[in-house]
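Chemist: Quick mapping for you: the protein sequence lines, in order, are chains F and P.
Per UniProt numbering, residue 1 is the first one in the first sequence, and the count goes up by one each step.
Per UniProt numbering, residue 1 is the first one in the second sequence, and the count goes up by one each step.
To start, I am sharing the structure in question, which I have written as structure tokens.
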Amino acid sequence: MMHFLLLFSRQGKLRLQKWFTPIPEREKKKIVRDMTTMVLGRKPRSCNFLHWKDLKIVYKKYASLYFCCGLDAEENELLALEVLHRYVELLDKYFGNVCELDIIFNFEKAYFILDEFLLGGEVQETSKQVVSRSIEASDMLQETMEEYMSKPAF
Amino acid sequence: MPAPIRLRELIRTIRTARTQAEEREMIQKECAAIRSSFREEDNTYRCRNVAKLLYMHMLGYPAHFGQLECLKLIASQKFTDKRIGYLGAMLLLDERQDVHLLMTNCIKNDLNHSTQYVQGLALCTLGCMGSSEMCRDLAGEVEKLLKTSNSYLRKKAALCAVHVIRKVPELMEMFLPATKNLLSEKNHGVLHTSVVLLTEMCERSPDMLLHFRKLVPQLVRILKNLIMSGYSPEHDVSGISDPFLQVRILRLLRILGRSDDDSSEAMNDILAQVATNTETSKNVGNAILYETVLTIMDIKSESGLRVLAINILGRFLLNNDKNIRYVALTSLLKTVQTDHNAVQRHRSTIVDCLKDLDVSIKRRAMELSFALVNGNNIRGMMKELLYFLDSCDPEFKADCASGVFLAAEKYAPSKRWHIDTIMRVLTTAGSYVRDDSVPNLIQLITNSVEMHAYTVQRLYKALLDDISQQPLVQVSSWCIGEYGDLLVSGQCEEEEPIQVTEDEVLDVLEGLLVSNLSAPVTRGYSLTAIMKLSTRFSSVNRIKKVVSIYGSSIDVELQQRAVEYNALFKKYDHMRPALLERMPIMEKTASNGPTEIVQTNGETEASMPDTKHLPLVTQPANQANDLLDLLGGNDVVPVIQTTLPTKPASAGGELLDLLGDLSLSGDPAPAPSVPISQPPFLLDGLSSQPLFNDTSAAIPPMTAYSKNGLKIELTFERTNPNPNIAVITIHATNTTEADMTEFVFQAAVPKTFQLQLLSPSSNIVPALNQGSVTQVIRVLNPQKQQLRMRVKLTYTHKGSPVQDLAEVNNFPPQSWQ
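Written as structure tokens, this is what we have:
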């Protein structure tokens, strides 16, 4: 299973953090620091896999954002790259040519999309269209409610 | 009270902050506003405030005061509230928080909500971070949802069940009925999550594994459909249909087929099909191939399939993509123990990877290279590895040096080569060598008796060049101390002896004492070395002077040594020669009591510290036990060991208590006092021992075995320092027309002896006497019993294995008296 998924910028600013195991707050901060240091310190044409404690770390850079996940030792690293890529595709479909700013200003949406794709550290849906349709439907549900209450969303 | 600012507004504002302090100020201001808004129990804007809080939490600021608000949002009827509430719960309310359990009721209600997206939120939250208590309370609900026909909910319920099982394994049973027809689903989401659930159950419970084995045909069918079916737009990734599902099915097949012949056979075809038909131009195809290879190697697949798998890994090694090369090296490391020969075929490619630019790949290649070293390729491999040691980054040098030492010890084709290799490592990576290598190396050097002069000469020359690398300096000073007499007498056989005077040697050693580059430990070594030379050199006065100077050294250790050595010169001069005598051969094993046969052919040792995956080959050890049985080895012969007070040895290596028999301290050691009962197999006829030892004559060689074209000749050597040790070298030659391969020589001796077998020169006895296999045996015979040996020979000749036992009795008396 995936233990965590982190998105951070080239300067090490955290844009998204998803944890699939219970970890104390202080330790989460340490892991984030370690990951950013390790990943940002990699030479440009290195391979995308690292070892850290007993986890495999798989990371990929998309434009100015690093997508970094920590996996159990028996996971398939090459498939993990595909998982990260699929998530980026889903974001791209939703936001239309997604960029880092989209994720900064709509971080909650990024989480919602992630929650339709992964659950408990495992892939829950392998079809891009199904995930997109679920998000759209949930969004519709949100707007309908708001219209009814005639109050703006947050 | 004005409406709290919107989320995006806040984000925009915070991003305009130019300094950390400015940002902190904005955050604090907003937090205060949010706090007061919470206090007012404002329902309308709670959602907005919590969202802002979550943003600030991501920036690293504390947000615990929003925990209860998340609970309130979850309990709200509005979908927007629930969405943000559950998100906040997942970020702020993990199971370590006190209020975590308060969510349980809300989640329970939402699991039964009329809107599937609300149910989805609840399932997602429970499945990501539900605590054990929560899982126990809500497992029933999850189980219900696992049986629903709504695929959106079913897939989430399956992964939720996985989480429940991970948290509370005892609850696994209750999900069993619901798994009945999970695999008949058409929906890929449900299929995928079902396979994950089945995998989890099979991994945790052998009973479940047995139960689900019958699913293998169905899984094979599903996989086949995925491969054979045409383009499916919904699940296509670069021309491959649902790679995520394919990989998970392959993994489940691996678990089900492991150690089960029938299941493994049922999946042979589909594995071959996937392995040959998968498109390899993109990462996604290689991900599937990788999983396939792992599965093939783990189940009981037929050999053709295994070779196919290793060849795939070999192809991966040549791929341009670094990730794929890395993955190949990692997998080969796992398989090198079981499929050693197949991996050997790719050795040259692996060695090439040592020159890769990527650090992770270099490390894997290094580990794999060490695992592939054997008696046949040692020379070539060592050349490459030493070259790698020269040029690699410092982070690798320590591990590489240790690996080189280990490999050299196991497979050195000759003593000289061994010493040369050690020298090379010490001179090129001397400062990275591990601390425990120094005593190991010293022990090795003492044991290569005929190489002492060569070794000390080379070490001396290395010292003249460079005294900065401490391990090298320590080993050198120890050797000069021990063998300085050989150095000045110019006795070297292996290479041109150098002319060096006693004064020059003492100059070098004293130079070490005063140099800034020397560590305190090194200084200790050199002072002791100088002291030892007092019995080997004639310039005793100079040595006395040096020693007395250091009697007032600031370094306490040096001072103590110098004072003690001074005392040796003054009051205990009569003991000095005995104390500083040449060191005996140090036995590496610390075995006491009944004899053990130590096989050091390299087969019983672990290859590298990192390869911890697969069990080691333990066969040779069992064979050794068989030999002991053949000797009727049930007699327990109590051999009383005498323990000496440990003398202040400067170099390590474990000295057997047995060596306490040698009076190193000048005190006579008490002989073993318990009368030993004669083992029944000693022939009475030979029990009377000759009255004298002719130690000056060379001991004649003898033929120990000659049968079926294989001849084993023994040559003997008695080492002077320890009269109880006989060094026997076996020479195996082959007069037939075919090589004898996989040649293994094993020996057993009666209990009063101790035997040590060193590595053979190789395990192929070439045909028609074109060469021989040599192996050194050391026999320790403290009671001067008559030497008898039972030998077991195994080899492969013209394709069939041959095994023979023989007894060797007619040892020349000089070899054991």
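Glycine included, every Cβ here is placed at the ideal spot set by N, Cα and C.
Treat the numbers as computed from the prediction; the structure is a model and nothing was measured.
Can you find a C-beta in chain P that's less than 9 angstroms from the C-beta of Y94 (chain F)?
Modeler: no
Chemist: Can you name, in chain order, every residue of its own chain whose Cβ lies under 8 angstroms from the Cβ of L444 (chain P), other than the five neighbours on each side?
Modeler: E409, H418 and I422
Chemist: Go ahead and pull the three-state DSSP assignment for Y62 (chain F).
Modeler: Correct three-state label for Y62 (chain F): strand.
Chemist: What are the boundary residues of the beta strand (DSSP E) that Y705 (chain P) is part of?
Modeler: M702 to K707
Chemist: Under 9 angstroms, CB to CB, which of the residues in the stretch 101-117 of chain F have a partner in chain P?
Modeler: I104, F105, N106, F107, E108, Y111, F112, D115 and E116
Chemist: Given a threshold of 16 other Cβ atoms within 10 Å of its Cβ, counted over all protein chains shown, does F743 (chain P) qualify as buried or as exposed?
Modeler: buried
Chemist: Helix, strand or coil: how does DSSP classify L210 (chain P) here?
Modeler: Reduced to three states, the DSSP call for L210 (chain P) is helix.
Chemist: Less than 9 angstroms separating the beta-carbons of D260 (chain P) and R213 (chain P)?
Modeler: yes
Chemist: Count the other CB atoms within 10 Å of the CB of R778 (chain P); is the residue buried (16 or more) or exposed (fewer)?
Modeler: Per the 10 Å Cβ criterion, buried.
Chemist: Tell me, please, which residues DSSP counts as bridged to P801 (chain P).
Modeler: According to DSSP, P801 (chain P) bridges with P:T796.
Chemist: Any idea if E116 (chain F) is buried or exposed, counting beta-carbon neighbours within 10 angstroms, 16 or more meaning buried?
Modeler: It counts as buried.
Chemist: CA-CA distance, M740 (chain P) and V765 (chain P)?
Modeler: 5 angstroms
Chemist: According to DSSP, is F79 (chain P) helix, strand or coil?
Modeler: helix
Chemist: By how many angstroms is the C-alpha of L159 (chain P) removed from the C-alpha of K13 (chain F)?
Modeler: Each residue's CA atom was taken as its position, placing K13 (chain F) and L159 (chain P) some 31 angstroms apart.
Chemist: Starting from I585 (chain P), trace the beta strand (DSSP E) both ways and give me its first and last residue.
Modeler: From DSSP, I585 (chain P) is part of no beta strand (DSSP E); its letter is neither H nor E.
Chemist: Which residues, in order along the stretch 119-130 of chain F, keep a beta-carbon less than 7 angstroms from a beta-carbon of chain P?
Modeler: Per Cβ criterion, the list reads L119, G120, E122, V123, Q124, E125, T126, S127, Q129 and V130.
Chemist: Around the Cβ of D262 (chain P), are there at least 16 other Cβ atoms within 10 angstroms (buried) or fewer (exposed)?
Modeler: D262 (chain P) comes out exposed.
Chemist: Could you name the residues of the same chain whose beta carbon sits closer than 8 angstroms to that of I296 (chain P), not counting the 5 residues immediately before and after it, in chain order?
Modeler: L271, A275, L305, R306, L308 and A309
Chemist: Consult DSSP for A726 (chain P) and reduce its assignment to one of helix, strand or coil.
Modeler: strand
Chemist: If we define contact as Cβ-Cβ less than 9 angstroms, is F49 (chain F) a contact residue for chain P?
Modeler: yes
Chemist: DSSP puts H574 (chain P) in a beta bridge; with which residues?
Modeler: DSSP, once it has assigned bridges, lists no residue as partnering H574 (chain P).
Chemist: Let's see if you can read the secondary structure: which residues bound the alpha helix (DSSP H) around R15 (chain P)?
Modeler: Counting along the chain, the unbroken alpha helix (DSSP H) around R15 (chain P) starts and ends at L7 to R15.
Chemist: Roughly how many whole angstroms lie between the Cα atoms of F569 (chain P) and R364 (chain P)?
Modeler: 55 angstroms
Chemist: Decide if residue 833 (chain P) is buried, meaning its Cβ has at least 16 other Cβ atoms within 10 Å, or exposed.
Modeler: This structure gives no information on residue 833 (chain P), because the portion of chain P shown stretches from 1 to 817.
Chemist: DSSP puts H51 (chain F) in a beta bridge; with which residues?
Modeler: F:K56
Chemist: If the cut is a Cβ gap below 7 angstroms, which residues of chain F does D358 (chain P) touch?
Modeler: S46 and C47
Chemist: Flag P609 (chain P) as yes if its beta-carbon sits less than 9 angstroms from any beta-carbon of chain F, otherwise no.
Modeler: Confidence at P609 (chain P) is low in this model, with a pLDDT of 36, below 50, so its placement is unreliable and the value that follows should be read with caution. Cβ-Cβ to chain F under 9 angstroms: no for P609 (chain P).
Chemist: Could you tell me the alpha carbon to alpha carbon distance between F4 (chain F) and A73 (chain F), rounded to whole angstroms?
Modeler: 14 angstroms
Chemist: For the alpha helix (DSSP H) that A51 (chain P) lies in, which residues bound it at each end?
Modeler: N43 to M58
Chemist: So the candidates are P:S515, P:K532, P:I543 and P:K461; which of them puts its Cα closest to the Cα of W478 (chain P)?
Modeler: Selected option, being the one with the closest Cα: P:K532.
Chemist: For V162 (chain P), list the residues DSSP reports as bridge partners.
Modeler: In the DSSP output, where bridge partners are listed per residue, V162 (chain P) has none listed.
Chemist: For A806 (chain P), does the three-state DSSP call read helix, strand or coil?
Modeler: Reduced to three states, the DSSP call for A806 (chain P) is strand.
Chemist: On the criterion of 16 or more Cβ atoms from any shown chain inside 10 Å, does L357 (chain P) qualify as buried, or is it exposed?
Modeler: In the assembly as shown, L357 (chain P) is an exposed residue. Its beta-carbon has fewer than 16 other beta-carbons within 10 Å.
Chemist: Name the one or two DSSP bridge partners that H346 (chain P) has.
Modeler: Paired residue(s): none; H346 (chain P) is not in a bridge.
Chemist: When you compare the CB positions of K52 (chain P) and I74 (chain P), do they come within less than 9 angstroms of one another, or not?
Modeler: At least 9 angstroms separates the beta-carbon of K52 (chain P) from that of I74 (chain P).
Chemist: Check the C-beta distance from V336 (chain P) over to L313 (chain P) and give it rounded, since I have them as a contact under 8 angstroms.
Modeler: Actually they are not in contact, since the Cβ atoms of V336 (chain P) and L313 (chain P) sit about 11 angstroms apart, beyond 8 angstroms.
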